[in-house]
Amino acid sequence: MIKKDILHILGKEVALGESAQVSFNVAKLHTQNTIDVPVIIERSKKPGPIVLITAGIHGDEVNGVEIVRQIISKGINKPKRGTIICIPVINVFGFIHMDREFPDGRDLNRMFPGIRGGSLASRVAFKLVTEILPHADLVLDFHTGGADRFNAAQVRIIKGEKTLNELAKVFGAPFIFYSKNLKKSFRNTCHKLGIPILLFEGGKSFNIDNTVTNTGVNGVKRVLHHLEMLNRKFKVSNPKKSCIYIKDSKWVRAKYSGMFKATVSINSEVKKGDDIGNITDPYGSFNHFVKAPNDGYIFNINESPIIYQGDAIFHISTKFES
């Protein structure tokens, strides 16, 4: 979709060929200091699609922020045609405090599309949906695993969307995970508005992993190249391995509390009955081996050394194809 020559966004006019940084401001701190969320806009002189690249919906998901930071610092966000809008940290409140939620205790990714006069998180969601999202032809949204659960680099999409399937394959993450849109999530709101969105998951909270970061940055370059937006100075590499499509999956949960160690690495293909981890106690009197419940790929591992009975320790595919 070709947009008008002038982009009217957050009270600013940005013409073709211009760069701009505008502030996405919703509320002040209790000290009356303003908190500005920078929105970085790069427009080519040549019209074309508008791609919105976001991260930091959860304040503790630093790896996603690092991916968008690198896209900006390397100049990947300066398109050959069209427009790229980057918001590296949406939940800047949580990012400052290294907290997943907003100061009001709410999860921003369960507050969309938001309410103009609602809670702080709801107001931020509302402003994002009404003042930024309508400009986008495509959204690339970056997340990481929660707590100590390390996610393999993956793109999450819903089944049956031809455009998303094509773009996810172009992105080239090791896994394409078919998952339903959660109610009141950013992804679900984009879907309802008819805006394609690729949700990238990789790594874990409070952590920056080079492999995950490189996968995210390279994926963005491939998508921009596919859209004929990537600047000629950047090279595009093919993924080292073909994508695995995960059609269904299950969590393996701890049968016992204790000290936990995975004995397989992320992305591993395992067979039913394989040893994939063990749970012990501090006294050397107990050792339980965790077995793979089926053939599949391990695409999430709990890296906490201490776990409790019922904790999710592995996410394994149950239906998949390459």
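In my numbering, the protein residues as written are 1 to 322. Think of the CB as a built atom: it goes at the ideal place given N, C-alpha and C, for glycine as much as any other residue.
In the DSSP assignment, Ile96 falls within the alpha helix (DSSP H) that extends over 92-97. With fewer than 16 other CB atoms across the displayed protein chains lying within 10 angstroms of its CB, Ile115 is exposed. Gly273 and Gly202 have their C-alpha atoms spaced approximately 27 Å apart. For Gln154, the enclosing beta strand (DSSP E) begins and ends at 149-157. Around Asn238, the same chain offers Gly172 as residues with beta carbons nearer than 8 Å, after the five sequence neighbours per side are excluded.
For Ile76, no beta strand (DSSP E) run applies, since DSSP gives it neither H nor E. The DSSP-derived three-state label of Glu61 is coil. Here the region 45-64 makes contact with the region 136-147; the two share three or more CB pairs at distances below 8 Å. According to DSSP, residue pairing for Leu140 in a beta bridge involves Ile53, Leu198. Proximity to Ser285 across Gly258, Asn294, Ile316, Glu269 peaks at Gly258, based on C-alpha coordinates. Contact between Asp209 and Asn63 holds: their C-beta atoms lie close to 6 Å from each other, under 8 Å.
With contacts defined as CB atoms closer than 8 Å, Gly82 and Pro47 qualify as a contacting pair. Note that the region 71-86 does not touch the region 159-171; fewer than 3 beta-carbon pairs, one per stretch, sit closer than 8 Å. Gly219 places its beta carbon less than 8 Å from that of Phe200.
Across the set Met111, Lys255, Ala20, Glu13, the C-alpha of Met111 shows the shortest separation from the C-alpha of Phe186.
With the rule of 3 Cβ pairs closer than 8 Å, the region 25-40 counts as touching the region 121-133.
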